[in-house]
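A.B. asks:
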Amino acid sequence: MLMREMMEAVRLALDEDLGGKGDITSRSLLTPEDRGGGHFIAREEGRVAGLPVASCVFRLLDPRVVFTALVSEGDEVRGDTPLARVEGPLLPVLEGERTALNFLQRLSGIATLTAAYVRRAAPYGVDICDTRKTTPGLRVLEKYAVRVGGGVNHRMGLYDAVLIKDNHIRAVGSLKMALQLVREEHGDGVPLEVEVQDLEQLREALEGGAEVIMLDNMDVGTMREAVRMTAGRARLEASGGITLERVEEVAATGVDRISVGALTHSYRSLDIALDLF
0 MLMREMMEAV
10 RLALDEDLGG
20 KGDITSRSLL
30 TPEDRGGGHF
40 IAREEGRVAG
50 LPVASCVFRL
60 LDPRVVFTAL
70 VSEGDEVRGD
80 TPLARVEGPL
90 LPVLEGERTA
100 LNFLQRLSGI
110 ATLTAAYVRR
120 AAPYGVDICD
130 TRKTTPGLRV
140 LEKYAVRVGG
150 GVNHRMGLYD
160 AVLIKDNHIR
170 AVGSLKMALQ
180 LVREEHGDGV
190 PLEVEVQDLE
200 QLREALEGGA
210 EVIMLDNMDV
220 GTMREAVRMT
230 AGRARLEASG
240 GITLERVEEV
250 AATGVDRISV
260 GALTHSYRSL
270 DIALDLF
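Residue numbers for the sequence shown follow numbering that gives the first Met the number 0, beginning at 0 and rising by one.
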């Protein structure tokens, strides 16, 4: 995880919640001298991600607040497991509570769902990848959580890899033309992936020298035939509505990786709370 992106995300979240005035409820009830603390508790089992982000929340609010992780990032925990201890001036502890929980719950939810996909695909040696279907402004953090869950990051954005999709092909007239134009522009300087809808497009992509080919919304039988046709000439990526229930049968077709948008857009936040002591 990149420190700059984490700090920017935390600052924005704190500004959103505190609104320049702070927690007017806690400030009515507490003095700056009041001290206390609590434990972040996982209420259910899952994989922990986001402890450094939660720590950053309190560090930015008041460096006197001490955040101590009680488990390691990426640990699998059971319900009622203490994840971290926070202690110091009580006002910034309460002001940072929800922001810290928002990051910790969501990133742990992503890591937990990713780990479930990875476990089912692992016997077949297939990677689980994320997509660009992330929360605006939080992509770096969410893709970090995917890695904590054992997944692999796809391209970070539109700038670090070429992915020719259906609308690109429509825009220039053919897959062959799209491949030609990209090669003329970039040569071998950037990774080149092509999304295909059927076996005829797969054949064109192979003839055009695509390094990675995305099999978009293909049924399992067509995927198997695609693997046979490709015969190792390119890496194959299965994509399109692949649920946790389906991931194992897709992995068994022989594809190299499976991309799952649900990792970052349809996860369930892990149930975590802050209990004061």
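All C-beta atoms in this analysis are idealised placements derived from N, C-alpha and C, irrespective of residue type, glycine included.
Does DSSP put residue 16 in a helix, in a strand, or in coil?
C.D. replies: Three-state DSSP puts residue 16 in a helix.
A.B. asks: Bridge partners for residue 238 per DSSP, in chain order?
C.D. replies: Answer is 215, 258, bridged to residue 238.
A.B. asks: So what does DSSP say about residue 171, is it helix, strand or coil?
C.D. replies: Helix, per DSSP.
A.B. asks: According to DSSP, residue 38 sits in a beta bridge with which residue or residues?
C.D. replies: DSSP lists 84, 274 as partners of residue 38.
A.B. asks: Looking only at DSSP bridge pairs, what is residue 75 linked to?
C.D. replies: DSSP, once it has assigned bridges, lists 46 as partnering residue 75.
A.B. asks: Please return the same chain residues whose Cβ sits closer than 6 Å to the Cβ of residue 250, not counting the five positions on each side in sequence.
C.D. replies: Closer than 6 Å at the Cβ level, and outside the excluded window around residue 250, lie 120, 123, 125.
A.B. asks: How is the beta strand (DSSP E) around residue 210 delimited, first residue to last?
C.D. replies: Run containing residue 210: none; DSSP gives neither H nor E here.
A.B. asks: Determine the burial state of residue 145: buried for a count of at least 16 other Cβ atoms within 10 Å of its Cβ, exposed for fewer.
C.D. replies: Result: buried.
A.B. asks: For residue 228, count neighbouring C-beta atoms within 10 Å of its own C-beta (all shown protein chains included) and say buried if the count is 16 or more, exposed if not.
C.D. replies: When all chains shown are included, residue 228 counts as exposed.
A.B. asks: Residue 163 bridges to which residues according to DSSP?
C.D. replies: DSSP lists 193 as partners of residue 163.
A.B. asks: CB-CB under 7 Å to residue 181, same chain, minus the five flanking residues each way: which ones, in chain order?
C.D. replies: Contacts found: 161, 163, 191.
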